[in-house]
Each structure stands twice: as structure tokens, then as C-alpha cells.
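The numbering used here puts the first residue of the sequence shown at 2, with every later residue one more than the last.
Glycine is no exception: its CB is placed at the ideal position from the N, C-alpha and C atoms.
Notes to accompany the following structure.
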Amino acid sequence: EISVCTATDPAWTSLFPIVGALVLEMGGMLQHGAIVSREYGLPAVVGVANAKKIFHNGQLIQVNGSTGRIKILSD
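Okay, structure coming up:
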């Protein structure tokens, strides 16, 4: 499962062990989600404008945290 959301805060930390990747609309390298993703070794891409409108439930996507790219695999 990939979490696509506006932003995260410390209350989200318990969810990080069960997600496969993170896509955030807001933030940068020092945003909570980015920092905790690095700690858990999760791929994350932050600062993706309108991510919640672009990606939807059930859609297969690939998140590459190293390149910052998100690839839609199927609708």
C-alpha cells in the first residue's frame, strides 16, 4: 500500500511500518514524512502538487524516492 496524503505529523508515525511508500503534496527534505520515511527505509516523494487528485484508490503506482519519480502502472 502506498499512502498519498497532504502531509504527515507525529501522529502518523505508527502507520509508517505498514505502508510501502509515501507521496506527500506538501513539504521538503526536512518535512516530518520525509524524515521518518528515511528512518524506515521507505521510498517517499514530497512536494507533489495535487497528488490526491492525480492518484486514486486501487491505482497501481511505483514510487522512486531516489529520483523523485512516480510512475502510474495501471488505472
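Residues near Ile19 in its chain [Cβ-Cβ closer than 8 Å; skip 5 each side]: Here residue 19 refers to the residue found at position 18 of the sequence shown. Only Glu2 meet the Cβ criterion.
query: What span of residues does the alpha helix (DSSP H) with Val64 cover, start to end?
result: The residue labelled residue 64 in the question sits at position 63 within the sequence shown. For Val64, no alpha helix (DSSP H) segment is defined; the enclosing uninterrupted segment is the beta strand (DSSP E) at 61-65.
Only counting the same chain, and skipping five residues up and downstream in sequence, which positions put a Cβ closer than 7 Å to that of Val5? Residue numbering aside, residue 5 sits at position 4 when the sequence shown is read from its first letter. Same-chain partners within the cutoff: Val24, Ala52, Lys53, Phe56.
4-residue-minimum alpha helix (DSSP H) runs that sit fully inside the segment 7-71, ordered along the chain: Taking only runs of at least 4 residues, the alpha helix (DSSP H) segments lying wholly in the segment 7-71 are 33-41, 52-55.
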